[in-house]
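Undergrad: Count along the sequence shown from 1, add 9, and you get the number used in my numbering. All C-beta atoms in this analysis are idealised placements derived from N, C-alpha and C, irrespective of residue type, glycine included.
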Amino acid sequence: MRVGIIGAGPAGLMAAISAADKGWQVSLIEQNKDIGCKLLISGGGRCNITNTLFGPEFLERFREYGRFFKPAFMSFSNEDAIRFFEENGLALKEEDGRIFPASGKAKDVVDFFRQQIAKRSISTLLGNRVYSLEKEGDMFVVYLRGMGPLTFDRLIVATGGASFSSKCCTDGRSFDLLRKMGHTITELIPHLCSLNTEEDLVSLKGITIKDVVLRHTCPLHKLVERGSIIFTHDGISGPAVHNISRFLLTCRGTLNIDLLPSLDFERLREKVVGLFQDHPKRSLRNIVNKILPDALIVFLLASLDLPLNKKVTNLSRSEVHRLVSGIKFFPLKIASGPPLEWAFVTHGGVDVREVNPNTIESRIVKGMYFAGEVLEPSGPTGGFNIQFALSTGFLAGQLR
Ligand SMILES: Cc1cc2nc3c(=O)[nH]c(=O)nc-3n(C[C@H](O)[C@H](O)[C@H](O)COP(=O)(O)OP(=O)(O)OC[C@H]3O[C@@H](n4cnc5c(N)ncnc54)[C@H](O)[C@@H]3O)c2cc1C
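Below, the structure written as structure tokens:
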């Protein structure tokens, strides 16, 4: 059986290996001059391949798509991925659950795939963009820039999302090919990105807070995300923000930040009152900067209408309450996100309702399979997206 795979990112590469190991004749088609463009820039050039999170918790990180992802993950889990890399000669290392190549070089992951592809004599057509697709009877006809059409019995589409096109040519044009084949492409939303706020946060630029809890509620969801946050010149960034960015861009509204989640409201109130009692003659600013960065206090106190230099002994009970509430529920209004191009991942793509999760085969076009970011789901930071590409690639390559 002849299998065509479009796209040589982690999804297409894994699909090619999986299909070749089944004994099928595989052709891997890639528009770039080399394989794995996005792998090379992943993880800041270190490529965070996967995460050690235990299975059910791993799937939970995909939120509403956990059920869709489960069969693919079960067929090639994070443990399978780690075993696959190590047994085939790529040494790995772990940092807080995140798995990287031991060398710290993404290039070694790309070279690893290059060797695996060569070992299986998979035909690789580099620098060949697929500009049109057709199905004639049971066969797929694939039209390439620069050479005549190719025919395949099965087709695996692993063309990625629509982000970082300037670096990797993943501009989302391939979604049009799938629309023409009858597939629905859900709205493409930037994910794993910084957000702009309505508030002017320029005075907070560069401040990092390692542990915050973000809370956001809208008719579509109720989110709670814990992690670190960085204030930028026009908004907020950092892993906690990235992980829920697609939701915030869908619903906007107010994001509440708990700036000191290690203390609940009452314990924080007691701590603040204790500090006031120990230093009654100090100003509010001088006391609160024992627990928060000074620039943030200036911003916070102004937004709470509390005078910076007021002596703490002169604060009323309601002012203390307002201060503690401001720290536990620091509100910011989400204004906008970056263009898709700047987001690490595209959320949205081939509608999962049109794909059988047990096989990753299209329910619309028989014999056509999908893998990776071309599909609607997206995961958080920490190696989840590459694992999604590897798992769906592996399952697609089985051509069940
Ligand atoms: C800067 C950055 C850092 C990241 N870091 C991490 C990380 O550390 N860990 C993690 O898990 N995820 C990370 N991600 C996300 C991760 O890289 C992607 O989710 C993953 O690469 C998706 O794999 P894929 O194979 O589905 O798509 P891609 O890797 O995008 O590959 C798709 C391929 O298809 C090719 N293609 C598209 N259309 C055609 C066509 N018509 N004809 C021929 N070829 C075509 C493209 O050229 C591309 O090579 C990062 C992303 C970015 C942008």
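Between 267, 19, 123 and 129, which has its C-alpha nearest residue 30's C-alpha?
TA: 129
Undergrad: Compute the distance between the beta-carbons of residue 94 and residue 45, then report whether it is under 8 Å.
TA: No; because the gap between Cβ atoms is not below 8 Å, this pair is not in contact.
Undergrad: Which whole runs of the alpha helix (DSSP H) in the stretch 22 to 58 are 4 residues long or more, in chain order?
TA: 46 to 50
Undergrad: At which residue ranges does the stretch 53 to 132 contain complete beta strand (DSSP E) runs of 3 or more residues, listed in the order of the chain?
TA: Within the stretch 53 to 132, complete beta strand (DSSP E) segments of at least 3 residues are found at 101 to 104 and 107 to 110, given in chain order.
Undergrad: Should residue 15 be counted as a contact of ligand 1 given a C-beta to heavy atom distance under 7 Å?
TA: Answer for residue 15: yes, Cβ within range of ligand 1.
Undergrad: Keeping to the same chain, check which residues put their C-beta closer than 6 Å to that of residue 184; ignore five residues upstream and five downstream.
TA: 194
Undergrad: Is DSSP giving residue 417 helix, strand or coil here?
TA: The structure shown has nothing for residue 417, since the chain only spans 10 to 409.
Undergrad: Would you mind giving the Cβ-Cβ distance between residue 18 and residue 60, rounded to the nearest angstrom? I have them listed as a contact below 8 Å.
TA: Actually they do not touch by this definition, with Cβ atoms about 18 Å apart.
Undergrad: Would DSSP call residue 169 helix, strand or coil?
TA: coil
Undergrad: Relative to ligand 1, is the shortest distance from any of its heavy atoms to the C-beta of residue 19 smaller than 7 Å?
TA: Proximity of the beta carbon of residue 19 to ligand 1 is indicated: a heavy atom of the ligand is located closer than 7 Å.
Undergrad: Note the first and the last residue of the continuous beta strand (DSSP E) segment covering residue 267.
TA: Looking at the DSSP string, the run of the beta strand (DSSP E) that includes residue 267 is 263 to 267.
Undergrad: Check whether the Cβ of residue 75 sits closer than 7 Å to any heavy atom of ligand 2, and report yes or no.
TA: Judged by which ligands are present, ligand 2 is missing from the structure shown, whose ligands are ligand 1.
Undergrad: Give the single residue among 314, 172, 333 and 292 whose Cα lies nearest to the Cα of residue 323.
TA: Of the listed residues, the one whose Cα sits closest to residue 323 is 292.
Undergrad: For residue 226, write down the residues that DSSP places opposite it in a beta bridge.
TA: Beta-bridge pairing links residue 226 to 231.
Undergrad: Three or more C-beta pairs under 8 Å: does that hold for the stretch 382 to 390 against the stretch 349 to 360?
TA: yes
Undergrad: Pull up the CB-CB distance for residue 220 and residue 270, whole angstroms please, since I reckon it's below 8 Å.
TA: 6 Å
Undergrad: Could you tell me the distance, in whole angstroms, from the CA atom of residue 81 to the CA atom of residue 144?
TA: 26 Å
Undergrad: Note down, in chain order, each residue of its chain lying with its Cβ closer than 8 Å to the Cβ of residue 188, except the 5 sequence neighbours on either side.
TA: 194
Undergrad: Could you check whether the Cβ of residue 353 sits closer than 7 Å to any heavy atom belonging to ligand 1?
TA: yes
Undergrad: Assign residue 241 to one of three DSSP states: helix, strand, or coil.
TA: strand
Undergrad: What are the boundary residues of the alpha helix (DSSP H) that includes residue 288?
TA: Where residue 288 is concerned, there is no enclosing alpha helix (DSSP H), given that its DSSP letter is neither H nor E.
Undergrad: Taking only runs that begin and end inside the stretch 313 to 396, name each unbroken alpha helix (DSSP H) of 4 or more residues, in chain order.
TA: 326 to 337
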